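Count the sequence shown with mature numbering (1 follows the signal peptide of the UniProt record, and there is no 0) and you get residues -19 to -1, 1 to 243, in order. Glycine residues also receive a C-beta, built at the ideal position from the N, C-alpha and C atoms. Please read these numbers as outputs of a predicted model, since none were measured by experiment.
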Amino acid sequence: MGLVMLVVSVISIYGLVEDVSVTDPRDDLASCSVSNFELVGGVVTAIGLVFASAFIHGEFSVLLGTLQYYFMLPTFVNILGIYAYSNLHDLSWGTKGLETAGHGASKVPQGTGNLKEIVAQQKRLEAEKQRAAQEREDVDNSFRAFRSSLLLFWLVTNAVWMYCMTNLVSSSCYLKFISYVVAVFNVVRFLGSAVFLCFRVVRRLGTCGASRSGSVGRNYQAHLPAEWQAHYKRSSNATTDSVTVTTGNGHLNLTIPPTMAR
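Here is the structure:
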């Protein structure tokens, strides 16, 4: 699938460079024209903004993994998605085949009580074990039923979508719609990344300014609870602070200077 992705990408780039026009053979459907501005905007928003978002954060290594990413993109979208839906019932968190039987079977105390009590206790333990096994099987069956229903619904919706896109909508209009959707999503992601970077720079500038003016400690203490502020006031007025530490042999009193206490 990665080779198909690369071949289609090369053909698409060749079509854009050579200005090759492809017409939809279905004459009964309306066609959508794409201007040169839309072509350039689609390339910039689909690829350029991804690199721009990485570069403003200093992640220049994205250039080294671009080809590998696009090569594996069909696998990420299709193969791994199908695998995830098909194994939705598996809640082993990667420990399939390594599950243990809990804390082991319950042991019947020997030498206590008469024979009837021991037999009754053994029957009760067997009944509890069977009930737990039945509950576990019911839960597994419900998970499998949910997995099968969701997988079937996913296949049906994909089939309906494919039928609508191949019989009711022209390929040019569909590709134009997808391009606009991708452009909107990438613009929103780029703006969010840029806003996050701006907030981080502003916070760093504010922290540097506050540290130069010596107000970091005062601002920190002003936002503490009232009892903590009272403790800071007592420690600043006292010459020493006495701290009691409880050990295994008793209590140990430690005297700490105010500078160390703060």
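Starting from residue i, follow the alpha helix (DSSP H) in both directions and report where the run begins and ends.
i           : result
residue 27  : Taken as a continuous stretch (DSSP letters only), residue 27 belongs to no alpha helix (DSSP H), as it is neither H nor E.
residue 47  : 47 to 55
residue 123 : 96 to 148
residue 39  : Neither: residue 39 is in no alpha helix (DSSP H) and is coded neither H nor E.
residue 67  : 61 to 67
Can you tell me whether residue i is buried or exposed? The criterion is at least 16 other CB atoms within 10 Å of its CB, across all chains shown.
i           : result
residue 151 : buried
residue 34  : buried
residue 167 : buried
residue 188 : exposed
residue 138 : exposed
residue 26  : buried
Give the straight-line distance between the Cα atoms of residue i and residue j, rounded to the nearest whole angstrom.
i           : j           : result
residue 222 : residue 186 : Note on residue 222: pLDDT 49, under 50, position unreliable in the model; the coordinate value appears next. Those two C-alpha atoms are separated by around 35 Å.
residue 105 : residue 112 : 11 Å
residue 38  : residue 170 : 13 Å
residue 182 : residue 31  : 21 Å
residue 119 : residue 125 : 10 Å
residue 45  : residue -9  : 23 Å
residue 123 : residue 66  : 15 Å
residue 279 : residue 160 : The structure shown has nothing for residue 279, since the chain only spans -19 to 243.
residue 61  : residue 69  : 12 Å
residue 207 : residue 180 : 30 Å
residue 184 : residue 136 : 48 Å
residue 12  : residue -17 : 30 Å
Under the assumption that residue i contacts residue j (Cβ atoms under 8 Å), give the Cβ distance between them as a whole number of angstroms.
i           : j           : result
residue 22  : residue 164 : 7 Å
residue 143 : residue 155 : Contact doesn't hold; Cβ gap of about 11 Å is too wide.
Going along the chain, which residues of its own chain have a beta-carbon closer than 6 Å to the beta-carbon of residue i, five neighbours each way excluded?
i           : result
residue 174 : 34
residue 148 : none
Identify, in the order they occur along the chain, each residue of the same chain with its Cβ nearer than 7 Å to the Cβ of residue i, setting aside the five sequence neighbours on each side.
i          : result
residue 54 : -15
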